[in-house]
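In the UniProt record's numbering, the protein residues as written are 2 to 243.
Positions of the beta carbon are idealized from the N, C-alpha and C atoms, including for glycine.
Fair warning: this is a prediction, and the values are worked out from it, not measured in the lab.
Beneath this line is the structure, given in structure tokens, with notes to follow.
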Amino acid sequence: SPDKSPILKVSKLVKRFGGFYALDGLSFHVVPGEILGLVGPNGSGKTTSINVISGLYGPDGGEVVFDGASIGGAASHKLVHRGINRTFQVPKPFLSLTVRQNIQVALAYGQAAGDAAAAPPSMAQLLEEYRLKEVADRPAADLNSAQQKMLDLTRALATRPRLLLLDELAAGLNPAELDWIAGRIKALAATGMAIIVVEHLMGFIEQITDRVIVLNAGKEIFEGTLATAVHEPQVIEVFLGG
Ligand code: ADP
């Protein structure tokens, strides 16, 4: 809803690797309850955006404001405690711990985290909602890639984020799983969580996002709905010409 004020505001963000500008003055915002898609060709800066917002990398310029406070350069664990968490393209669970133990670690970590008003999710609820009940007592190393992604998501949710960053969560899921996870993501947004998704599957992006930012070479080239984006010449050009 347009009357809500942004929970995250990114202004003129710059991230360099050597002399290369992965982010080159990127600005956007997201409001509570919104699902924002970051789309664009390979190398356009989508994952780097998530890496900077989640504190994995410090920015080289610009500002990241979360919940009214400047957070650019703060470490990931501090940001988890403030209410930002993420998933990874390649999840990194504790492989020798069971699924349940992995979630327990995140729940314990999340005790001090997130919005104090939000009740922490329960272990039983997370295992049930993300289809991990059957494998709860197996080592994380035994999970298939879809289950690893769901474990990664439950670990992020265990810390009660108010801003959730999803980096290619849907990649590798089958159509039935995609429909199901789309429903889960929408249900999370309906609780007021702000969600940013990076995803290559345009059908999935169209299904779940309220709005997209199209990136090219670390800059925004379009902001609006995906349905509108696909008719914009500059968007078509970066996808077809890249
Ligand atoms: P996208 O997610 O849109 O595919 P990325 O954000 O992963 O793009 O990468 C943007 C650009 O920054 C790419 O050219 C990539 O090679 C470069 N890049 C990303 N991370 C690093 C890094 N840690 N070191 C050097 N270059 C990087």
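By the 10 Å Cβ neighbour count, where 16 or more other Cβ atoms means buried, how is residue i classified, buried or exposed?
i: Gln148; result: buried
i: Ala142; result: exposed
i: Lys47; result: buried
i: Val11; result: buried
i: Thr210; result: buried
i: Leu133; result: buried
i: Thr229; result: exposed
i: Asp168; result: buried
i: Gly59; result: exposed
i: Ser45; result: buried
i: Ser6; result: exposed
i: Asn52; result: buried
i: Leu127; result: buried
Indicate, with yes or no, if the ligand ADP has a heavy atom lying under 6 Å from the CB of residue i.
i: Asn217; result: no
i: Ser55; result: no
i: Ala177; result: no
i: Lys47; result: yes
i: Phe18; result: yes
i: Gly44; result: yes
i: Ala23; result: yes
Please look up how many angstroms separate the CB atoms of residue i and residue j, rounded, as I've assumed it's under 8 Å.
i: Leu24; j: Val15; result: 6 Å
i: Ser50; j: Leu80; result: That belief does not hold up - the Cβ atoms of Ser50 and Leu80 are roughly 14 Å apart, past 8 Å.
i: Phe67; j: Leu164; result: 7 Å
Distance, Cα to Cα, residue i vs residue j?
i: Val231; j: Ala75; result: 36 Å
i: Ala137; j: Ser97; result: 13 Å
i: Ala191; j: Glu35; result: 8 Å
i: Ala177; j: Gly20; result: 43 Å
i: Thr88; j: Gly62; result: 24 Å
i: Ser77; j: Ile85; result: 8 Å
i: Val199; j: Val236; result: 16 Å
i: Asn103; j: Thr160; result: 12 Å
i: Glu64; j: Glu135; result: 43 Å
i: Glu233; j: Leu216; result: 13 Å
i: Pro94; j: Asp153; result: 7 Å
i: Ser146; j: Pro92; result: 9 Å
i: Thr226; j: Glu129; result: 33 Å
i: Leu179; j: Lys150; result: 12 Å
i: Val100; j: Tyr110; result: 16 Å
i: Pro33; j: Phe18; result: 31 Å
With a cut-off of 7 Å, does the C-beta of residue i fall near any C-beta of chain C?
i: Trp181; result: Of the chains in the structure shown, none is chain C; there is only one protein chain.
Check whether the region 60-72 touches the region 35-51, counting contact only when three or more Cβ pairs, one atom from each stretch, lie closer than 8 Å. No: the two stretches stay apart, fewer than three of their Cβ pairs being nearer than 8 Å.
- request: Please confirm if the region 166-177 is in contact with the region 123-131, defined as three or more CB-CB distances below 8 Å between the two stretches.
  value: Touching, no, given that fewer than three Cβ pairs across the two stretches are closer than 8 Å.
Point to revise | Touching by the beta-carbon criterion (3+ pairs, under 8 Å), the region 184-198 and the region 218-225 | key: No, they do not touch.
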